[in-house]
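Protein chains: 2
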Amino acid sequence: MAVIAIQAQGAMGAGMGRHLTQRGATVLTSLAGRSAASARRAAEAGMRDATPEEMAGADIVLSVLPPAEARACAQWLAPALAAAPRKAVYVDCNAISPETAKEVAAIIAPTGAAFVDGGISGGPPREDGYTPALYVSGEEAERLAPLREHGLDVRVTPGPIGAASALKMSYAGITKGLVALSSAMMLAATRAGAAEGLRAELERSQPQLLAWFRRMVPPMPDKAYRWVGEMEEIADFTGPEAAAIYQAIARFYEDMAADQAGPREKAATLSRFLGGPAQG
Amino acid sequence: MAVIAIQAQGAMGAGMGRHLTQRGATVLTSLAGRSAASARRAAEAGMRDATPEEMAGADIVLSVLPPAEARACAQWLAPALAAAPRKAVYVDCNAISPETAKEVAAIIAPTGAAFVDGGISGGPPREDGYTPALYVSGEEAERLAPLREHGLDVRVTPGPIGAASALKMSYAGITKGLVALSSAMMLAATRAGAAEGLRAELERSQPQLLAWFRRMVPPMPDKAYRWVGEMEEIADFTGPEAAAIYQAIARFYEDMAADQAGPREKAATLSRFLGGPAQG
Numbered sequence: 001m002a003v004i005a006i007q008a009q010g011a012m013g014a015g016m017g018r019h020l021t022q023r024g025a026t027v028l029t030s031l032a033g034r035s036a037a038s039a040r041r042a043a044e045a046g047m048r049d050a051t052p053e054e055m056a057g058a059d060i061v062l063s064v065l066p067p068a069e070a071r072a073c074a075q076w077l078a079p080a081l082a083a084a085p086r087k088a089v090y091v092d093c094n095a096i097s098p099e100t101a102k103e104v105a106a107i108i109a110p111t112g113a114a115f116v117d118g119g120i121s122g123g124p125p126r127e128d129g130y131t132p133a134l135y136v137s138g139e140e141a142e143r144l145a146p147l148r149e150h151g152l153d154v155r156v157t158p159g160p161i162g163a164a165s166a167l168k169m170s171y172a173g174i175t176k177g178l179v180a181l182s183s184a185m186m187l188a189a190t191r192a193g194a195a196e197g198l199r200a201e202l203e204r205s206q207p208q209l210l211a212w213f214r215r216m217v218p219p220m221p222d223k224a225y226r227w228v229g230e231m232e233e234i235a236d237f238t239g240p241e242a243a244a245i246y247q248a249i250a251r252f253y254e255d256m257a258a259d260q261a262g263p264r265e266k267a268a269t270l271s272r273f274l275g276g277p278a279q280g
Numbered sequence: 001m002a003v004i005a006i007q008a009q010g011a012m013g014a015g016m017g018r019h020l021t022q023r024g025a026t027v028l029t030s031l032a033g034r035s036a037a038s039a040r041r042a043a044e045a046g047m048r049d050a051t052p053e054e055m056a057g058a059d060i061v062l063s064v065l066p067p068a069e070a071r072a073c074a075q076w077l078a079p080a081l082a083a084a085p086r087k088a089v090y091v092d093c094n095a096i097s098p099e100t101a102k103e104v105a106a107i108i109a110p111t112g113a114a115f116v117d118g119g120i121s122g123g124p125p126r127e128d129g130y131t132p133a134l135y136v137s138g139e140e141a142e143r144l145a146p147l148r149e150h151g152l153d154v155r156v157t158p159g160p161i162g163a164a165s166a167l168k169m170s171y172a173g174i175t176k177g178l179v180a181l182s183s184a185m186m187l188a189a190t191r192a193g194a195a196e197g198l199r200a201e202l203e204r205s206q207p208q209l210l211a212w213f214r215r216m217v218p219p220m221p222d223k224a225y226r227w228v229g230e231m232e233e234i235a236d237f238t239g240p241e242a243a244a245i246y247q248a249i250a251r252f253y254e255d256m257a258a259d260q261a262g263p264r265e266k267a268a269t270l271s272r273f274l275g276g277p278a279q280g
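Protein chains in written order, with the UniProt record's numbering: chain A, 1 to 280; chain B, 1 to 280.
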């Protein structure tokens with residue numbers, strides 16, 4: 001039975017924790033300094049509160065955090081990893097650019113622990129058995145077999161450290177980028193009195209895109225605050241060619257998050273647009 | 001039999017001209033100062049070279065130009081429209097923002113000619129009978145019935161002058177925006193060695209988007225130079241919320257056009273990516 005450490009206990013981290021504990025793994029996490037909500041999610045997931053030393057003694061350590069916290073997590077655990085007699089595999093699963101992934105790898109390297117670059121595609125595991133894909137790359141990626149044995153969808157992607165992050169960045173750049181563009185245009189068309197015309201034209205000539213928007217846009221306003229940092233990582237990833245596009249999309253999601261924390265007018269407008277004539 | 005004036009004779013203007021002449025309309029255009037290629041396209045389309053005064057005497061005048069030339073066309077024809085005893089309907093069909101459309105309307109207003117705001121969705125008419133949709137708005141839009149009688153797909157969209165332009169802007173903002181984002185991410189993934197992984201993930205979880213990219217991305221590099229001005233008009237249209245996104249997309253298309261005028265490396269990379277393993 002594998003011992004897996006997961007830091008921290010957000011919807012994704014706790015979801016993966018629950019998925020693993022329900023399939024026989026022991027899952028450790030550190031609740032030091034975390035919120036009551038995190039502690040509750042961890043408890044519900046069957047995750048056990050642990051010290052950094054206990055975490056470092058796990059077979060596999062998964063870092064599952066907002067992108068801005070990826071480096072800090074590695075720095076926090078590095079002394080315990082360095083002191084551990086048996087070396088874990090440290091997997092950075094965060095939505096960070098390949099360059100940031102290499103920085104995290106450089107923090108882990110001196111500890112003697114193995115490093116694997118990872119990227120999660122999809123939402124948190126659900127009670128119905130759904131799991132997202134965890135793409136991993138790097139020489140040590142094959143050491144993650146225990147995760148697969150406990151039900152996670154681990155996929156080794158060809159390439160060195162950074163390849164899994166690049167896959168995650170480019171995939172999210174397309175999907176979350178399109179959510180931003182379509183939302184911006186639905187909002188602008190509505191302000192210009194052209195919502196009905198735009199919806200009719202999409203129904204006529206882009207019915208598959210419209211169906212995609214109906215599925216992907218409504219959950220966005222509540223997640224927009226989390227996507228800001230991810231869009232900034234994508235701007236780093238893409239380089240000068242398209243960095244300004246993703247910086248601007250990050251600002252769009254920042255405005256969306258501010259609206260969602262306040263009047264929620266944008267979410268209401270998008271919902272009316274996508275609801276179609278019946279609900280509009 | 002209606003007399004229609006079309007300025008100028010690009011792929012879209014000449015295509016519309018041919019479609020109308022083949023269905024019985026007389027189509028006038030001004031070749032003064034235009035290229036030999038334009039004159040050839042006009043002749044093949046059955047369009048007749050005409051003076052501004054003859055153009056202004058038409059039943060309907062269609063302005064079909066790159067967005068940056070929309071104002072100049074109205075200014076050029078305004079004296080002839082003002083002098084004409086019988087007043088034409090002037091239709092701005094260009095990919096301009098609603099604000100720019102109102103500026104063009106203000107140039108036409110003193111001439112006594114009617115003004116209709118238009119926006120074309122789709123590619124030029126083809127010999128197989130395909131025509132794009134010409135969305136029109138404004139009080140005088142119903143006066144365009146002769147275009148419909150000669151085979152053009154004219155659709156009156158609700159709302160004042162500016163509504164058809166808003167529809168065109170928001171539709172193109174979604175479709176041409178997505179072409180830019182997906183191209184940028186395919187290029188970045190390829191540079192990072194993650195092309196194979198990204199394509200596999202798209203095939204697995206976004207097969208409809210990948211099919212859309214295979215259809216919409218390959219024709220883009222040759223058109224990128226024309227899309228720069230259109231993206232700038234969309235930036236005007238969308239306002240502060242997303243203007244920076246579309247300004248950055250305009251720069252992306254500018255870089256793409258420069259590459260297409262030179263080494264064509266980006267087009268080759270996109271083509272390899274979309275070709276899939278068989279051709280890759």
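Note that beta-carbon positions come from the ideal geometry of N, C-alpha and C, so glycine has one too. Since the model is a prediction, treat every value here as computed from it, not as a measurement.
Handout entry: Nearest-angstrom Cα separation, counted from M216/A out to G123/A
Key = Within the first sequence, the letter at position 123 stands for residue 123/A. Within the first sequence, the letter at position 216 stands for residue 216/A. Each residue's alpha carbon lies about 12 Å from the other.
Handout entry: alpha helix (DSSP H) runs wholly inside the stretch 153 to 198 of chain A, at least 4 long, in chain order
Key = 163 to 191
Handout entry: Alpha-carbon spacing of A145/B relative to A268/A, whole angstroms
Key = Residue 145/B sits at position 145 when you count from the first residue of the second sequence. Residue 268/A sits at position 268 when you count from the first residue of the first sequence. Per the coordinates, the alpha-carbon of A145/B lies some 38 Å from the alpha-carbon of A268/A.
Problem - Burial state of E139/B, where buried means 16 or more other Cβ atoms lie within 10 Å - result: Locating residue 139/B in the second sequence gives position 139, counting from the first residue. Classification of E139/B: exposed, given that the 10 Å Cβ count is below 16.
Handout entry: Assigned exposure category for P132/B - 16 Cβ within 10 Å defines buried
Key = For the purposes of this step, residue 132/B is taken as the residue at position 132 of the second sequence. By the 10 Å Cβ count, P132/B comes out buried.
Practice task
Confirm, please, whether the CB-CB distance from A74/A to A5/A is below 8 Å.
Solution key: Translated into positions along the first sequence, residue 5/A becomes position 5. Translated into positions along the first sequence, residue 74/A becomes position 74. Not in contact: A5/A and A74/A (Cβ atoms no closer than 8 Å).
Handout entry: Proximal chain A residues relative to D255/B, where beta-carbon distance stays under 7 Å
Key = Position 255 of the second sequence, counted from the start, is the residue given in the question as residue 255/B. Result: E241.
Practice task
Classify I96/A as helix, strand or coil using the three-state DSSP reduction.
Solution key: Stepping through the first sequence from its first residue, residue 96/A is reached at position 96. In the structure shown, the three-state DSSP call for I96/A is coil.
Exercise for the section: Report yes if the CB atom of A141/B is closer than 8 Å to the CB atom of G119/B, and no otherwise. Expected result: As a working note, residue 141/B is residue 141 in the second sequence. As a working note, residue 119/B is residue 119 in the second sequence. Result no, Cβ atoms of A141/B and G119/B do not sit closer than 8 Å.
Exercise for the section: Reducing DSSP to helix, strand and coil, say where V217/A ends up. Expected result: The residue labelled residue 217/A in the question sits at position 217 within the first sequence. Three-state DSSP puts V217/A in coil, outside helix and strand.
Handout entry: Beta-carbon proximity of G239/A to A188/B, cut-off 8 Å
Key = Position 239 of the first sequence holds residue 239/A. Position 188 of the second sequence holds residue 188/B. Result yes, Cβ atoms of G239/A and A188/B sit closer than 8 Å.
Problem - 8 Å Cβ cutoff met for R148/A and Y135/A - result: As a working note, residue 148/A is residue 148 in the first sequence. As a working note, residue 135/A is residue 135 in the first sequence. No, they are not a contact pair.
Exercise for the section: Would you mind working out which of G13/A, V116/A, M169/A and T100/A sits nearest S88/A, comparing C-alpha positions? Expected result: Locating residue 88/A in the first sequence gives position 88, counting from the first residue. In the sequence on display, residue 88/A carries Ala and not Ser. Per the Cα distances, V116/A.
Exercise for the section: Closer than 6 Å by C-beta to Q279/A: which residues in its own chain qualify, once you throw out the five before and the five after it? Chain order, please. Expected result: For the purposes of this step, residue 279/A is taken as residue 279 along the first sequence, with counting starting at 1. For Q279/A, the predicted model reports a pLDDT of 38, less than 50, meaning its position is unreliable; a value from the coordinates is still stated below. Closer than 6 Å at Cβ, skipping near neighbours: no residue.
Practice task
Specify whether the stretch 214 to 233 of chain A and the stretch 10 to 26 of chain B touch according to this definition: at least 3 beta carbon pairs, one from each stretch, less than 8 Å apart.
Solution key: no
Practice task
For T269/B, name the three-state secondary structure that DSSP assigns.
Solution key: Position 269 of the second sequence, counting from 1, holds the residue named residue 269/B. The answer is helix: DSSP assigns T269/B an H, G or I state.
Problem - Min CB distance G15/B to chain A below 8 Å - result: Your numbering for residue 15/B matches position 15 in the second sequence. No, its Cβ sits nowhere closer than 8 Å to a Cβ of chain A.
Problem - S38/A - partner residues in DSSP beta bridges - result: In the first sequence, the residue the question calls residue 38/A occupies position 38. S38/A pairs with nothing; no bridge assigned.
Problem - Reference E230/A, options G177/A, W212/A, G33/A and A42/A, closest by Cα - result: Against the first sequence, residue 230/A aligns to sequence position 230. Residue G177/A is the option with its Cα nearest to E230/A.
Practice task
Output the boundary residues of the beta strand (DSSP E) element that contains Y135/B.
Solution key: For this step, residue 135/B is matched to residue 135 along the second sequence. Segment A133 to S137, the beta strand (DSSP E) holding Y135/B.
Problem - Where the beta strand (DSSP E) through D117/B begins and ends - result: Mapped onto the second sequence, residue 117/B falls at position 117. Segment A114 to S121, the beta strand (DSSP E) holding D117/B.
Handout entry: Y90/B (DSSP reduced to helix, strand or coil)
Key = The count along the second sequence starts at 1 and reaches residue 90/B at position 90. The answer is strand: DSSP assigns Y90/B an E or B state.
Problem - Selected residue, minimal CA-CA separation from P67/B, among E54/B, Y225/B and T157/B - result: Taking the second sequence and counting its residues from 1, the one referred to as residue 67/B is at position 67. Closest option to P67/B, Cα to Cα, is Y225/B.
Exercise for the section: Verify the CB distance criterion: does F273/A have a CB-CB separation below 8 Å to chain B? Expected result: Here residue 273/A corresponds to residue number 273 of the first sequence, with the count starting at 1. No, F273/A does not count as interfacial toward chain B.
Problem - Expected contact under 8 Å - CB spacing of R143/A and E103/A to nearest Å - result: Residue mapping note: residue 143/A aligns to position 143 of the first sequence, counting from 1. Residue mapping note: residue 103/A aligns to position 103 of the first sequence, counting from 1. With a Cβ gap of about 22 Å, R143/A and E103/A do not count as contacting.
Practice task
Would you verify that the beta carbon of L181/A is, or is not, closer than 8 Å to some beta carbon of chain B?
Solution key: As a first step, residue 181/A must be located in the first sequence, where it is residue number 181. Interface residue, yes.
Problem - Neighbour list for S170/B in chain A, Cβ cutoff strictly below 8 Å - result: Reading the second sequence from its first residue, position 170 is the one you call residue 170/B. Chain A residues near S170/B: M185, M186, A188, A189, A192, A194 and L198.
Handout entry: Residue interval of the beta strand (DSSP E) (run including L144/A)
Key = Stepping through the first sequence from its first residue, residue 144/A is reached at position 144. That residue, L144/A, is in no beta strand (DSSP E); it is neither H nor E in DSSP.
Practice task
Report yes or no: is there a C-beta of chain B within less than 8 Å of the C-beta of R264/A?
Solution key: Numbered from 1 along the first sequence, position 264 holds the residue referred to as residue 264/A. It does not: the Cβ of R264/A has no partner Cβ on chain B nearer than 8 Å.
Problem - Within chain B, partners of L178/A - CB distance below 9 Å - result: On the first sequence, residue 178/A is found 178 positions in, with the first residue counted as 1. In chain order: I174, G177, L178, L181, S182 and L209.
Practice task
Just mark T51/A as buried or exposed, buried being the case when its beta carbon has 16 or more other beta carbons within 10 Å.
Solution key: Position 51 of the first sequence, counted from the first residue, corresponds to residue 51/A. Label assigned to T51/A: exposed.
Problem - Contacts that L167/B makes with chain A (C-beta to C-beta distance below 8 Å) - result: As a working note, residue 167/B is residue 167 in the second sequence. For the C-beta of L167/B, the chain A residues within less than 8 Å are, from N- to C-terminus, A189, A194, G197, L198 and E201.
Exercise for the section: Use the C-beta contact count for P125/A: other C-beta atoms within 10 angstroms, 16 or more gives buried, fewer gives exposed. Expected result: Numbered from its first residue, the first sequence carries residue 125/A at position 125. Its Cβ being crowded by 16 or more others within 10 Å, P125/A is buried.
Problem - Minimum Cβ-Cβ distance from G123/A to chain B less than 8 Å - result: Position 123 of the first sequence, counted from the start, is the residue given in the question as residue 123/A. It does not; no Cβ of chain B falls within 8 Å.
Practice task
Assign P277/A to buried or exposed, taking buried as 16 or more other Cβ atoms, counted over all protein chains shown, within 10 Å of its Cβ.
Solution key: On the first sequence, position 277 is the one that residue 277/A refers to. Note on P277/A: pLDDT 46, under 50, position unreliable in the model; no value is reported.
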